[in-house]
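Quick notes on the structure that follows.
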Amino acid sequence: MNENKTTQSPWGGWLLHAVIGTGLTAVLAWLAAPPVAVVVAVLAMGIAHEIGDGDFLRVNGGPWNGVLDVVAFLPTAIVLVVTHI
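Under the numbering used here, the first residue of the sequence shown carries the number 1, and numbering increases by one thereafter.
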């Protein structure tokens with residue numbers, strides 16, 4: 001799967017990123033990690049993934065392509081923090 005194609009809609013990729021972020025959030029919450037630590041872990045995983053994909057490079061639409069993809073990992077982790085405040 002090539003996430004850098006401009007002919008495809010980004011929604012499928014963002015949905016997949018959200019599912020992976022939800023899975024990591026669920027595992028860390030099950031392990032009783034503090035909610036802020038969960039957000040930091042999901043954010044770090046998202047940044048590492050996007051660096052690996054090269055989505056922060058201008059040639060691949062970066063830096064905004066990478067930023068949007070990183071944000072796509074975070075919704076469930078943010079909800080976890082908000083529900084624990």
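No residue lacks a Cβ here, since even glycine has one placed at the ideal position from N, Cα and C.
Straight across, the Cα-Cα distance linking Ile51 with Gly66 is about 8 Å.
Pro35 sits buried, since 16 or more C-beta atoms from the chains shown fall within 10 Å of its C-beta. Here Pro75 is not near Ala29, since their CB atoms are 8 Å or more apart.
Per DSSP, the unbroken alpha helix (DSSP H) holding Ile78 starts and ends at Pro75 to Thr83. DSSP, reduced to helix, strand and coil, places Ala48 within a helical segment of the structure shown. Spanning the alpha carbons of Phe73 and Val59 requires a straight line of approximately 22 Å.
Separation of Ser9 and Ala26 (C-alpha to C-alpha, rounded to the nearest whole angstrom) is 27 Å. In this structure, the straight-line span from the alpha carbon of Asp55 to that of Leu16 is close to 16 Å.
Within the same chain, Phe56 come within 7 Å of Pro63 by CB-CB distance, once the 5 residues on both sides are set aside.
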